[in-house]
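Some notes on the structure that comes next.
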Amino acid sequence: MAFEQISVVVQGPVQAYQGRGMEAGITQRCLDSVRQHLPGATLILSTWPDQDLSGLDYDLLVESADPGPNQDDYCPRNYHRQLVSSREGLRRVTTDYAIKLRSDNYLVGNQFVERQQAYPLRHPEFRQFAERVVINANLFRRYSKGHRILYHPSDFFYYGRTEDLLRIWDQPLFEQQPFSADLLAGFARLKKGQVALESEQVICLIWLLALDPNAPVIHRRIAGDASAQDYWDKFVASNLLLDEPERIGLGLRKISLRAKKRVNEFTFHEWCELYNRHCGGDLPLDNAAFWRDMGRRRLGKLPFSWLKTRLLDSAPR
């Protein structure tokens, strides 16, 4: 594919912003990396007014009124800002393909372009997107406190058809959602020891319910019965490519770097398992290597976290 068919929306603050820390110079590194690894792509910077933009290289600047931190007492502070800066940038895209890239990460390659087309099989009942959307596996959680969880994709990097990224990010704010009152009521009913939804889960619920109003709804982080887990597994297998940052060409901010992958994160190996199971794939799986790298570490950590949480939280629902 010619890179001229791709637009990159770099979204978020340019420097530390209203108490939110940021690695010095990371946004310039982000923008420069797009020029290096996607020459010819359109580069859109979607941010807030009154920031120092000197020395930054972009094709189009989108400055949106800051919606401020969310006021629903429900989730971490900045998911409204994530929605607005992503949405307003993607609305300016005129190319067939787009990237949504946080301003505190950067590219180290362009493998995601080829890999997005490498897995053509889909589940016949789970084709909500025109094509697969590539999402970084770093911080795409599969477990929390020892339990399987749902709807926790990473928000660092999304690549796919522009129409599909708009299906994700072109959304009203939380209070304007038809299900917001129900989620807030569920939050108010949380008992001691029960953990509220993460901001990533709220954002995912917003776009998932826009795609499919019958998608299972959860009200706290550790929730979802077997049918809900099956729904999410099929959706991930058929609509996404969940891959490790080094395999897709994504560089991470320093705070996200780890010597070993976190045991609570989805792995590309697990995505391949889901692809084979739900889409009829026949990808080779090195189960022994997965056990050596991740399985043993999970066995040493997750059961203890599960037991501790199980004593405080009622059975997942």
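Add 136 to the 1-based position in the sequence shown for the working numbering, that's all there is to it. A virtual CB, placed ideally from N, CA and C, is assigned to each residue, including glycine. Since we're looking at a predicted model, the values are computed, not measured.
Spatial neighbours of His-259 within its chain, please: C-beta separation below 6 angstroms, excluding the five flanking residues on both sides.
As a first step, residue 259 is located in the sequence shown; it is residue number 123 there, counting from the start. Cβ within range, chain order: Lys-370, Ser-374, His-414, Cys-415.
Can you grab the Cα-Cα spacing for the pair Gln-295 / Asp-318, in whole Å?
Counted from its first residue, the sequence shown places residue 295 at position 159. Counted from its first residue, the sequence shown places residue 318 at position 182. It should be pointed out that residue 295 corresponds to Tyr in this sequence rather than to Gln. If you take the alpha carbons of Tyr-295 and Asp-318, they lie about 31 angstroms apart.
Check whether the Cβ of Ser-316 lies closer than 8 angstroms to any heavy atom of the ligand HEM, and answer yes or no.
No copy of the ligand HEM occurs in the structure displayed, which carries no ligand at all.
Please go through the same chain and pick out, in chain order, the residues whose beta-carbon is closer than 7 angstroms to the beta-carbon of Val-249, but skip the five residues on each side of it.
As a position in the sequence shown, residue 249 is number 113, starting the count at 1. Excluding residues within five positions, the ones whose Cβ falls inside 7 angstroms are Met-137.
Is DSSP giving His-216 helix, strand or coil here?
The count along the sequence shown starts at 1 and reaches residue 216 at position 80. Residue state, collapsed to three classes: helix.
Could you spell out where the beta strand (DSSP E) holding Ala-234 opens and where it closes?
Position 98 of the sequence shown holds residue 234. First-last of the beta strand (DSSP E) with Ala-234: 233-238.
Just to confirm my understanding: we take Ser-239, look at its own chain, exclude 5 residues before and 5 after, and list those with CB closer than 6 angstroms. What are they?
Locating residue 239 in the sequence shown gives position 103, counting from the first residue. So the list reads Val-146, Gly-148, Thr-163, Cys-166, once near-sequence residues are dropped.
Count the other C-beta atoms from every protein chain shown that fall within 10 angstroms of the C-beta of Ala-273, then say buried if there are 16 or more, exposed otherwise.
Taking the first residue of the sequence shown as position 1, residue 273 is located at position 137. Classification of Ala-273: buried, given that the 10 Å Cβ count is 16 or more.
With a cut-off of 8 angstroms, do at least 3 Cβ pairs link the stretch 218-228 to the stretch 302-309?
Output reads yes: the stretch 302-309 touches the stretch 218-228.
Looking only at its own chain, which residues have a Cβ that is under 7 angstroms from the Cβ of Ala-266, when we skip the five neighbours before and after it?
Counting from one through the sequence shown, the residue named residue 266 turns up at place 130. The answer, listed in chain order, is Arg-297, Glu-299, Asp-300.
On the DSSP letters alone, give me the boundaries of the alpha helix (DSSP H) that Phe-323 sits inside.
In the sequence shown, the residue the question calls residue 323 occupies position 187. Residues 316-324.
Whose C-alpha, out of Arg-251, Gly-245, Val-269, is nearest the C-alpha of Lys-236?
For the purposes of this step, residue 236 is identified with residue 100 of the sequence shown, where counting begins at 1. Checked all of Arg-251, Gly-245, Val-269; the closest Cα to Lys-236 is Val-269.
Please report the straight-line C-alpha distance between Asn-423 and Lys-444, rounded to a whole angstrom.
As a first step, residue 423 must be located in the sequence shown, where it is residue number 287. As a first step, residue 444 must be located in the sequence shown, where it is residue number 308. Going by the C-alpha atoms only, they are around 29 angstroms apart.
Could I get the ranges of all uninterrupted beta strand (DSSP E) runs contained in the stretch 267-324, with 3 residues as the minimum, in chain order?
You should have 269-272, 293-297.
Is it true that the CB of Ile-339 sits closer than 9 angstroms to the CB of Leu-286?
Locating residue 286 in the sequence shown gives position 150, where the first residue counts as 1. Locating residue 339 in the sequence shown gives position 203, where the first residue counts as 1. Taking 9 angstroms as the Cβ cut-off, Leu-286 and Ile-339 do not qualify as a contacting pair.
So, helix, strand or coil for Leu-189, using DSSP?
Residue 189 sits at position 53 when you count from the first residue of the sequence shown. Three-state DSSP puts Leu-189 in coil, outside helix and strand.
In the DSSP assignment, find the alpha helix (DSSP H) that holds Thr-163 and state where it starts and stops.
Taking the sequence shown and counting its residues from 1, the one referred to as residue 163 is at position 27. Unbroken alpha helix (DSSP H) run through Thr-163: 162-173.
Return the chain-ordered list of same chain residues with a C-beta closer than 6 angstroms to the C-beta of Ala-351, the five sequence neighbours on each side being excluded.
Counted from its first residue, the sequence shown places residue 351 at position 215. Here the set comprises Leu-344, Leu-345.
Would you kindly check if the distance between the Cβ of Ser-190 and the Cβ of Glu-224 is under 9 angstroms?
Position 88 of the sequence shown, counted from the start, is the residue given in the question as residue 224. Position 54 of the sequence shown, counted from the start, is the residue given in the question as residue 190. No; because the gap between Cβ atoms is not below 9 angstroms, this pair is not in contact.
With 16 as the cutoff for other CB atoms within 10 Å, does Pro-420 come out buried or exposed?
Numbered from its first residue, the sequence shown carries residue 420 at position 284. With fewer than 16 other Cβ atoms within 10 Å, it is exposed.
Give the secondary structure of Asp-369 by DSSP, where H, G and I count as helix, E and B as strand, and everything else as coil.
Counted from its first residue, the sequence shown places residue 369 at position 233. Helix, per DSSP.
Return the residue from the list Cys-408, Thr-230, Gln-252, Ser-222 that minimises the CA-CA distance to Asp-291.
Stepping through the sequence shown from its first residue, residue 291 is reached at position 155. Nearest C-alpha to Asp-291: Ser-222.
Over what stretch of residues does the alpha helix (DSSP H) that includes Glu-382 continue unbroken?
Here residue 382 corresponds to residue number 246 of the sequence shown, with the count starting at 1. Start and end: 381-384.
With a cut-off of 8 angstroms on the beta carbons, I'd call Phe-139 and Arg-278 a contact; round off their distance for me.
Reading the sequence shown from its first residue, position 3 is the one you call residue 139. Reading the sequence shown from its first residue, position 142 is the one you call residue 278. With 8 angstroms as the limit, Phe-139 and Arg-278 do not qualify as a contact, their Cβ atoms being about 32 angstroms apart.
For Trp-442 and Leu-435, I'd like the C-alpha separation in whole angstroms.
Here residue 442 refers to the residue found at position 306 when the sequence shown is read from its first residue. Here residue 435 refers to the residue found at position 299 when the sequence shown is read from its first residue. C-alpha separation (whole angstroms): 11 angstroms.
In terms of residue numbering, what span does the beta strand (DSSP E) encompassing Ser-182 cover?
Taking the first residue of the sequence shown as 1, we reach residue 182 at position 46. Residues 178-183.
Identify, in the order they occur along the chain, each residue of the same chain with its Cβ nearer than 6 angstroms to the Cβ of Arg-453, setting aside the five sequence neighbours on each side.
Translated into the one-based positions of the sequence shown, residue 453 becomes position 317. Only weak support exists for where Arg-453 lies, its pLDDT of 44 falling under 50; the value from the coordinates is given anyway. Ala-359.
Could you spell out where the beta strand (DSSP E) holding Ile-142 opens and where it closes?
By 1-based counting over the sequence shown, the position of residue 142 is 6. Note, Ile-142: beta strand (DSSP E), 142-147.
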